[in-house]
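Novice: In terms of my numbering, the sequence shown is residues 1077 to 1351. Here a beta-carbon is modelled for each residue, glycine too, at the ideal position from N, C-alpha and C. It should be emphasised that the depicted structure is a prediction, and the values quoted were computed from it without experimental measurement. So that we are looking at the same thing, I have put the structure below in structure tokens.
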Amino acid sequence: MLKKSLVVSVLLLIVAFPMLDSYAGRYTIPRDRDVLMNFGNYGQKYLNPQRINILVWNVFKGKKQTWREDYFELLKDKDIAILQEAYLSDLMLRVFDDLTWGYKMAVSFIKNENNIATGVATASIASPINSFFKRSPGREPVVKTPKMTLFTEYKLKGMKKTLMVVNIHALNVVSLGTFKKQIKAIIPIVAAHNGPLIWAGDFNTWLGSKVSYLLDAIAKLGLKEVHFAPDDRTVIQGLKIDYIFTKGLNILSSKVYGSVRGSDHKAMSAIVSVN
């Protein structure tokens, strides 16, 4: 059962968000100081550097009928969940609260009709030692809403270096130039991190020019793409849109959950160890 304190805290945070802009009366974009939200409980202080099991999934706001059951099943053996389109409805909050996980969320916008926040969320069994976000410089056309990238950093047991997790939801129906601006805003942060790193999420790379730019940027940063066999990732116009990239990590195994129907995106996972 969802704890009353959690429901009240989330509702108060959402209602209290000062407005930056309200477009066509549909969405409110929170001020920078109100973007980050915290909920849930972390079970430990460190991640095990010898085995870190991650899930990456655009959860489609929990709209699909089997999302709840699929989410519970997918998280059974995971250490980190990198989620896009987290949507703080009563259903999703109950599901999040039923698991012993802590959550960091970067809110992209709030739907004025029901005061429900949506954005990217990174869940983990270990508490992050640092978290911050980058709002996309560009906006989606018509609705004029941004997308978010969330950065979380974790201690690794017995190591001085930390793991950085970069959770991105890239702009969708925008030009290559606008897409580039969002990626370029993230690159210096990724480049500056002196330790293992995971950059993953929904990159919305359904144009060949966006794929080419992204993979070139990833190569220059020294990151490696996680590959899958079979590769049942979500495809739009013949191109993959969800990726996992890593630095300073060994890929022990990887998987796409092709039969899971709880979202319009296929969930991905990878088990990694620190070099």
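So is Asp1097 buried or exposed if we call it buried at 16+ other beta carbons inside 10 Å?
Specialist: What you label residue 1097 is simply residue 21 of the sequence shown in a count that begins at 1. Confidence at Asp1097 is low in this model, with a pLDDT of 48, below 50, so its placement is unreliable and the value that follows should be read with caution. Label assigned to Asp1097: exposed.
Novice: Check whether the Cβ atoms of Thr1228 and Ser1207 sit closer than 8 Å, and answer yes or no.
Specialist: For this step, residue 1228 is matched to residue 152 along the sequence shown. For this step, residue 1207 is matched to residue 131 along the sequence shown. Yes. Within cutoff.
Novice: Anyone know if the C-beta pair for Val1171 and Ala1182 falls short of 8 Å?
Specialist: Here residue 1171 refers to the residue found at position 95 of the sequence shown. Here residue 1182 refers to the residue found at position 106 of the sequence shown. Contact flag unset, no.
Novice: Write down the C-beta distance between Asp1155 and Ser1200 rounded to the nearest angstrom, noting that I regard them as a contact closer than 8 Å.
Specialist: Walking along the sequence shown from the start, residue 1155 turns up at place 79. Walking along the sequence shown from the start, residue 1200 turns up at place 124. About 7 Å; that satisfies the 8 Å criterion.
Novice: Considering just the uninterrupted stretch of the beta strand (DSSP E) at Leu1328, what are its terminal residues?
Specialist: Position 252 of the sequence shown, counted from the first residue, corresponds to residue 1328. Run containing Leu1328: Leu1325 to Tyr1333, per the beta strand (DSSP E) assignment.
Novice: Could you check the C-alpha separation between Gly1298 and Lys1323 for me, to the nearest Å?
Specialist: As a first step, residue 1298 must be located in the sequence shown, where it is residue number 222. As a first step, residue 1323 must be located in the sequence shown, where it is residue number 247. Distance between the alpha carbons of Gly1298 and Lys1323 is about 7 Å.
Novice: Compute the distance between the beta-carbons of Tyr1319 and Glu1301, then report whether it is under 8 Å.
Specialist: Position 243 of the sequence shown, counted from the start, is the residue given in the question as residue 1319. Position 225 of the sequence shown, counted from the start, is the residue given in the question as residue 1301. A contact, by the Cβ cut-off of 8 Å.
Novice: Can you look up Ile1158 in the DSSP assignment and give me helix, strand or coil?
Specialist: Residue numbering aside, residue 1158 sits at position 82 when the sequence shown is read from its first letter. In the structure shown, Ile1158 sits in a strand (DSSP, three-state: E or B).
Novice: Apply the 10 Å Cβ neighbour rule to Phe1260 and answer buried if 16 or more other Cβ atoms are within range, or exposed otherwise.
Specialist: The sequence position of residue 1260 within the sequence shown is 184, counting from 1. Checking the sequence shown, residue 1260 turns out to be Lys, not Phe. With fewer than 16 other Cβ atoms within 10 Å, it is exposed.
Novice: Would the beta-carbon of Ile1105 fall within 8 Å of that of Phe1209?
Specialist: As a first step, residue 1105 must be located in the sequence shown, where it is residue number 29. As a first step, residue 1209 must be located in the sequence shown, where it is residue number 133. Result no, Cβ atoms of Ile1105 and Phe1209 do not sit closer than 8 Å.
Novice: Buried or exposed for Ser1339, please, with buried defined as at least 16 other CB atoms from any protein chain shown within 10 angstroms of its CB.
Specialist: Translated into positions along the sequence shown, residue 1339 becomes position 263. By the 10 Å Cβ count, Ser1339 comes out buried.
Novice: Candidates Leu1273, Leu1164 and Gln1313: which alpha carbon is nearest Phe1136's?
Specialist: As a working mapping, residue 1136 is identified with position 60 in the sequence shown. It is Leu1164 whose Cα lies nearest to the Cα of Phe1136.
Novice: Could you work out which residue in Phe1279, Glu1189, Leu1328 and Asn1326 is closest to Ile1294 when comparing CA atoms only?
Specialist: Counted from its first residue, the sequence shown places residue 1294 at position 218. Minimum Cα distance to Ile1294 is reached at Phe1279.
Novice: Alpha carbon to alpha carbon, how far is Val1083 from Val1219?
Specialist: Here the question's residue 1083 lines up with position 7 in the sequence shown. Here the question's residue 1219 lines up with position 143 in the sequence shown. Residue placement at Val1083 is flagged as unreliable, the pLDDT there being 45, under the threshold of 50; the coordinate-derived value follows with that caveat. Spanning the two alpha carbons is a distance of roughly 28 Å.
Novice: Report the residue from Asn1351, Thr1310 and Gln1258 whose alpha carbon sits nearest the alpha carbon of Lys1331.
Specialist: Here residue 1331 corresponds to residue number 255 of the sequence shown, with the count starting at 1. Closest by alpha carbon: Thr1310.
Novice: Please classify Val1287: does DSSP put it in a helix, a strand, or coil?
Specialist: Here residue 1287 refers to the residue found at position 211 when the sequence shown is read from its first residue. Residue state, collapsed to three classes: helix.
Novice: Between which residues of its own chain and Val1242 is the CB-CB distance below 6 Å, once the five residues before and five after are set aside?
Specialist: Looking up residue 1242 in the sequence shown gives position 166. Counting only Cβ-Cβ distances below 6 Å, and skipping sequence neighbours, we find Phe1227 and Trp1275.
Novice: Do Leu1247 and Gly1284 count as a contact pair if the criterion is CB distance below 8 Å?
Specialist: Locating residue 1284 in the sequence shown gives position 208, where the first residue counts as 1. Locating residue 1247 in the sequence shown gives position 171, where the first residue counts as 1. No; because the gap between Cβ atoms is not below 8 Å, this pair is not in contact.
Novice: Which two residues bound the contiguous alpha helix (DSSP H) that contains Arg1170?
Specialist: Looking up residue 1170 in the sequence shown gives position 94. Looking at the DSSP string, the run of the alpha helix (DSSP H) that includes Arg1170 is Asp1166 to Asp1173.
Novice: Where DSSP assigns a beta bridge to Thr1238, which residues make up the other side?
Specialist: Taking the first residue of the sequence shown as 1, we reach residue 1238 at position 162. According to DSSP, which records beta bridges pairwise, Thr1238 is partnered with Lys1231.
Novice: Could you pull out every residue in the same chain whose Cβ sits closer than 6 Å to the Cβ of Pro1094, ignoring the five residues on either side in sequence?
Specialist: On the sequence shown, residue 1094 is found 18 positions in, with the first residue counted as 1. Legend: pLDDT at Pro1094 = 46, less than 50; position of this residue unreliable, value from coordinates given subsequently. Its chain contains Arg1107 as the residues whose beta carbon lies nearer than 6 Å to that of Pro1094, once the 5 sequence neighbours on both sides are disregarded; these appear in chain order.
Novice: For the alpha helix (DSSP H) containing Phe1115, list its first residue and its last residue.
Specialist: Counting from one through the sequence shown, the residue named residue 1115 turns up at place 39. Premise fails: Phe1115 lies in the beta strand (DSSP E), Leu1112 to Gly1116, not in any alpha helix (DSSP H).
Novice: Helix, strand or coil: which one does DSSP assign to Lys1300?
Specialist: What you label residue 1300 is simply residue 224 of the sequence shown in a count that begins at 1. In the structure shown, Lys1300 sits in a strand (DSSP, three-state: E or B).
Novice: Under 7 Å: does the beta carbon of Lys1300 sit that close to some heavy atom of the ligand GTP?
Specialist: Among the components modelled here there is no ligand, and therefore nothing to report on the ligand GTP.
Novice: Identify whether Arg1136 lies in helix, strand or coil by the three-state DSSP scheme.
Specialist: As a working mapping, residue 1136 is identified with position 60 in the sequence shown. The residue asked about is misnamed: residue 1136 is Phe in this sequence, not Arg. Helix at Phe1136.
Novice: For Ile1347 and Arg1127, which I take to be in contact (beta-carbon distance under 8 Å), what is that distance rounded to the nearest angstrom?
Specialist: Position 271 of the sequence shown, counted from the start, is the residue given in the question as residue 1347. Position 51 of the sequence shown, counted from the start, is the residue given in the question as residue 1127. Contact flag correct, Cβ pair sits at about 6 Å.
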